[in-house]
Amino acid sequence: MIGSKSISSKFQVVSFRLSGIRHRSKFEVACYLLLVTFLLFAAGCAAPEIVEDPGRSAQEQVRFWPPPPQAPRIQYLTSISGPSDIGIRKSWLKRAVDSILGREELEERILRPYGVYAVARRIYVTDPGAHVLHVFDTGEGRHFEIKEAKTEELISPIGVSVDGNGEIYLSDSVLRGVFVFDSEGKYLREISLPQGFVRPAGIALDEERLYVVDTHLHQVLVFLKKNGELIFRIGRNGAGKGEFNYPTNIFVKNGLIYVTDSMNFRVQIFRTDGSFLSAFGKAGDGSGDFSKPKGIAVDSEGHIYVSDAHFDNVQIFDREGRLLLDFGNTGSSNGEMVLPAGVYIDERDRVYVADSYNNRVEVFQYLKEKK
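Pasting the structure below:
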């Protein structure tokens, strides 16, 4: 044990809406179009805007678990409530046009995040509260939202994952489908069952397969990515080995499938052929117990991270299910949480936690032990 339990990161296309111009005089329209033309020309000639993110002070950002004098293993880095938190701001042209049209300077904020995924300088956040998927592109300094699948508006986007080609896979628990988009948010196709999912939630990808947790089917469904063919199912309703009671989230890493079996208050681990490997956890309020387990992820050293929406923290276990550390507690300050949901760990061992009730994603760093 290295600590004790505490209960408790659409392309903003400039859109000139000309509706209403017909109600203006020809002179006003000519002036308006002339000004827009000038702005477009000026933007093309202008140098790229240099963005400096003031963020928080260094003193505010430094927080570690476990606390001194023990060797730190988790460090709080930052939180993301909207694009400006990670240095993404509206372009000069966008601000100018908004001002001309009398639009308020409103930033697209995260309302109630659930799922999170991060790769290649992009952070994807499902937001069922706002009915969108946020895409924060820190490499290109832009933020866009995916709001529709096929001809329907998203209602309850929950799970998100991205493949090596940049295609985005997104589950919507109310639309009962998993939808695939290209890297810019253009709808491509849908993956589903003949009778439809019942309540698709967490999803994960490996090189060839898509794994979908259907909470109300009490199963994990495994599809081929290339054609959407269902190849097998894992589990059924129950409390035995390999059975589920309202599973929610999933993480796939190094040939293993990790599933949050929420109402059985445990984590189950499977091989990628669907065979049961192990399980750990039980209901309770003691160290290593679960109350409302949600998100799950695994770091580069095989440690298993599980968020708990009742304890308002993330617990870290080894492969045998022994509690190593927990971080977070109830609140809205740095490193605190209220109703945490999805968890994701990227290739740099940065830990992203959807802090649902605080309308943000918190980012932590796993600190490897120095050898």
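Residue numbers (the working numbering): 3 to 373. Note that CB positions come from ideal geometry on N, CA and C, so glycine has one too.
- Item | Meets three-Cβ-pair contact criterion under 8 Å: the stretch 317-328 and the stretch 276-294 | Verdict: yes, contact present.
- Item | Nonlocal neighbours in the same chain, by C-beta distance under 8 Å from E231, ignoring five residues either side | Taken in chain order, the residues that qualify are F225.
- Task: Taking only the alpha-carbon atoms, compute the straight-line gap between G304 and I318 and give it to the nearest angstrom.
- Result: Straight through space, the alpha carbons of I318 and G304 are spaced by roughly 10 Å.
- Message: Which of the three DSSP states is assigned to P70 in this structure?
- Response: In this structure, P70 counts as coil in the three-state DSSP scheme.
- Cβ contact (3+ pairs, closer than 8 Å) linking the stretch 143-157 and the stretch 196-213: Because the criterion of three Cβ pairs below 8 Å is not met, the stretch 143-157 and the stretch 196-213 do not touch.
- Task: Taking 8 Å as the cut-off, decide whether the C-beta atoms of V269 and A281 are in contact.
- Result: Between V269 and A281, the gap from beta carbon to beta carbon is short of 8 Å.
- Query: Between A356 and V214, is the Cβ-Cβ spacing less than 8 Å?
  - Reply: The Cβ-Cβ distance between A356 and V214 does not fall below 8 Å.
- Query: What's the C-alpha gap between Q367 and I125?
  - Reply: Answer to the nearest angstrom: the Cα atoms are 15 Å apart.
- Query: Which residues mark the beginning and the end of the beta strand (DSSP E) in which Q317 is found?
  - Reply: From DSSP, the beta strand (DSSP E) with Q317 extends over N315 to F319.
- Message: Please identify the residue among D184, S185 and L212 whose C-alpha is closest to the C-alpha of I193.
- Response: Nearest option by C-alpha distance: L212.
- Message: Quick check on this structure: which residue in S358, E371 and K373 has the alpha carbon closest to the alpha carbon of I112?
- Response: With distances taken between CA atoms, I112 lies nearest to S358 out of S358, E371 and K373.
- Considering F225, what are the terminal residues of the beta strand (DSSP E) in which it resides? Q221 to L226 is the span of the beta strand (DSSP E), which, as asked, contains F225.
- Which value, in whole angstroms, describes the spacing of the CA atoms of L172 and K372? Those two C-alpha atoms are separated by around 38 Å.
- For S81, which residues of its own chain have a beta-carbon under 6 Å away from its beta-carbon, when the five flanking residues on both sides are left out? Spatial neighbours of S81 in its own chain (CB-CB distance under 6 Å, excluding positions within 5 residues in sequence) are listed in chain order as R362 and E364.
- Message: Cutting at 7 Å between CB atoms, please list the residues of its own chain near S163, excluding the five before and the five after it.
- Response: Within its own chain, the residues whose Cβ lies closer than 7 Å to the Cβ of S163, once the five positions on either side in sequence are excluded, are Y119, Y171, I205, A206 and L207, listed in chain order.
- Counting only the same chain and skipping the five closest in sequence on each side, list residues whose C-beta sits under 7 Å from that of K255. Within the same chain, K255 has close Cβ partners V300.
- Task: From the DSSP output, in three-state form, read off N331 for me.
- Result: If DSSP states are grouped into helix, strand and coil, N331 belongs with coil.
- Item | D174, enclosing beta strand (DSSP E) - first and last residue | Unbroken beta strand (DSSP E) run through D174: I170 to D174.
- Item | Beta-ladder partner(s) of G304, from DSSP | Its beta-bridge partners do not exist; DSSP assigns none.
- Query: Since D174 and A203 are thought to touch, with beta carbons under 8 Å apart, how far apart are those beta carbons, to the nearest angstrom?
  - Reply: Contact flag wrong, Cβ pair sits at about 10 Å.
- Please name the residue, chosen from D275, H136, F253 and E169, that lies closest to K227 on a Cα-to-Cα basis. Relative to K227, the option among D275, H136, F253 and E169 whose CA is nearest is E169.
- Query: With which residues is M339 paired in a DSSP beta bridge?
  - Reply: Answer by DSSP bridge pairing, in chain order: T332.
- Message: I'd like to check one pair, P295 with V316: are the Cβ atoms closer than 8 Å?
- Response: Taking 8 Å as the cut-off, the Cβ atoms of V316 and P295 do not count as close.
- Per DSSP, what kind of secondary structure is P85 in: helix, strand or coil? In the structure shown, P85 sits in a helix (DSSP, three-state: H, G or I).
- Query: How many angstroms separate the CA atom of Q221 from the CA atom of R91?
  - Reply: Rounded to the nearest angstrom, the two C-alpha atoms are 41 Å apart.
- Who does I128 pair with in a DSSP beta bridge? The sequence shown places Thr at residue 128, not Ile. Its beta-bridge partners are L135.
- How would you write the range of the beta strand (DSSP E) that I157 sits in, first residue to last? Segment: none, I157 is in no beta strand (DSSP E) and carries neither H nor E.
- Determine the burial state of F234: buried for a count of at least 16 other Cβ atoms within 10 Å of its Cβ, exposed for fewer. The residue is exposed, with fewer than 16 neighbouring Cβ atoms inside 10 Å.
- Cβ-based burial, R75 [other Cβ within 10 Å; buried from 16]: By the C-beta density criterion, R75 is buried, having at least 16 other C-beta atoms within 10 angstroms.
- Taking N266 as the reference, give the member of T274, K243 and S277 with the closest Cα. N266 has its Cα closest to that of K243, out of T274, K243 and S277.
- Task: Note down the Cα distance separating N360 from G333, rounded to an integer number of angstroms.
- Result: Straight-line Cα distance between these residues: approximately 8 Å.
- Message: Going by DSSP, what residue range makes up the beta strand (DSSP E) through P202?
- Response: Membership of P202 in the beta strand (DSSP E) is indicated by the continuous run P202 to L207.
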